[in-house]
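This note's numbering puts the first residue of the sequence shown at 136, with every later residue one more than the last.
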Amino acid sequence: MAKNPAVIVYPQAVPVKAMACGIADLKSQDANEICFCGDDGGFVIKKNDKYPSLPHIEWFCSSLARSVGVPQLDFSVVEHTDGNFWFGSSWKTGQVKDWWTLAANGSLDFGHLSDDISRVYALDLFINNDDRHLNNYFVVNDAGRFRLYSFDYSRSWLNKPFPLVGLITDPATNTVRVKEYLKVNFGNYFNVAAMTDILDNITAVQPQRVSDIISAHPNNWLTQAERDAILNWWNSGAVLTRVNEIKAGIQNGSLL
């Protein structure tokens, strides 16, 4: 959607400026475009053409991940060649393709990844991300040490009924299917202490931090009603209630 030139919406976060953008086959239902941003590199772009709150969802969840200790791909507001500001996820070099196959045949030490997979899963449970598939774990080989990063939250947060209700237990969802696949191949890999740390860090996020995250992106990524609903929910005690529900599911094994 073209921006009205009479109402320029600048983000508080310093955007990176795209030099060229083009269509790419990213095997994604929600992104099919990459922008080259000079020395800042390439960014996978998320626009509002799929659903209006998509750029906010990606920005908010990526920012929350970074705030609470989940390993997160770099991201930015991108000033697109179309004149709009969109969400961009930085594309790291050195991605390890089909990392799960390499781990299954012993070419990759799954133990390098399991703690961070646990951290990502804890966040996914909180934001109701039911679409975490294997390619949504970005694995790189860092001088012989395999490292994992999270990205792509498009089917979570405001994409789901809000305020958030219920937990991810449906075996038909990608998040549960991947969890079960990894358990079959690598055993009970969860690091409960790492998961608990992430959940505790979420409860420590103050409403002002939430407001700051939202204020850092362009204000047309979110309606005032949506902003108010998020801040009211974060102020209400619902965050602690949701975290405690997740902790109970971890303790009794229903979420593991």
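We treat Cβ as the ideally placed atom computed from N, Cα and C, and that holds for glycine.
With distances taken between CB atoms, is the gap from M114 to A383 smaller than 8 Å?
Since the first and last residues shown for the chain are 136 and 391, residue 114 lies out of range.
Apart from the five residues just before and just after A173, which ones in its own chain have a Cβ nearer than 7 Å to its Cβ?
Note that residue 173 is Gly in the sequence shown here, rather than Ala. Contacts found: M154.
Whole angstroms is fine: what's the gap from I143's alpha carbon to F297's?
Summary for I143: the model assigns pLDDT 40, below 50, so the residue's position carries little reliability; its value from the coordinates is reported in the next sentence. Looking at the two C-alpha atoms, the distance is approximately 29 Å.
Of all the alpha helix (DSSP H) runs that stay within the bounds of the segment 307 to 337, which reach a length of 4 or more residues?
309 to 321
Local Cβ density within 10 Å of M136, reported as buried at 16 or more and exposed below that:
Model confidence at M136 stands at a pLDDT of 37, short of 50, so the residue's coordinates are unreliable; what they give is reported in the following sentence. So M136 counts as exposed.
Is it buried or exposed, K181, if we count other Cβ atoms within 10 angstroms and call 16 or more buried?
buried
Looking at the secondary structure, which residues open and close the beta strand (DSSP E) in which S83 lies?
Residue 83 lies beyond the residue range present for the chain, which begins at 136 and ends at 391; the question has no answer from this structure.
Can you find the residues in the same chain that come closer than 7 Å, C-beta to C-beta, to D209, ignoring five residues on each side of it along the sequence?
S225
For the segment 245 to 263 against the segment 314 to 329, do three or more pairs of beta-carbon atoms, one drawn from each stretch, fall closer than 8 Å, so that the two count as touching?
yes
Any 3 or more C-beta pairs closer than 8 Å across the segment 263 to 273 and the segment 333 to 344:
no
Given C196 as reference, the closest of A360, L391 and R344 once Cα atoms are compared:
R344
Which same chain residues, not among the five before or five after S291, have their C-beta less than 8 Å away from its C-beta?
I192, C196, D259, I262, N263, N264, D265 and D266
Quick one: give me the first and last residue of the beta strand (DSSP E) that K382 is part of.
Looking at the DSSP string, K382 is not in any beta strand (DSSP E); the run it does join, the alpha helix (DSSP H), is A373 to N387.
Counted within 10 angstroms of its Cβ, other Cβ atoms place N139 as buried (16 or more) or exposed:
Note on N139: pLDDT 34, under 50, position unreliable in the model; the coordinate value appears next. Its Cβ having fewer than 16 others within 10 Å, N139 is exposed.
Terminal residues of the continuous alpha helix (DSSP H) containing N370?
Q359 to N370
Taking the continuous alpha helix (DSSP H) assigned at F286, which residues delimit it?
Segment: none, F286 is in no alpha helix (DSSP H) and carries neither H nor E.
DSSP three-state label for Q230, please.
strand
Which same chain residues, not among the five before or five after L362, have their C-beta less than 7 Å away from its C-beta?
The displayed chain sequence assigns Arg, not Leu, to residue 362. Contacts found: I349.
Just checking my contact of I381 with L302 at CB under 8 Å: how many whole Å lie between their CB atoms?
7 Å
What number of angstroms, rounded off, separates the C-alpha of K295 from the C-alpha of P187?
13 Å
Using the Cβ count rule (16 or more neighbours within 10 Å means buried), how would you classify Q207?
buried
In DSSP terms, what N354 is bridged to:
None, per the DSSP bridge assignment.
What would DSSP say about C196, mapped onto helix, strand or coil?
helix
Distance, F222 Cα to F178 Cα
9 Å
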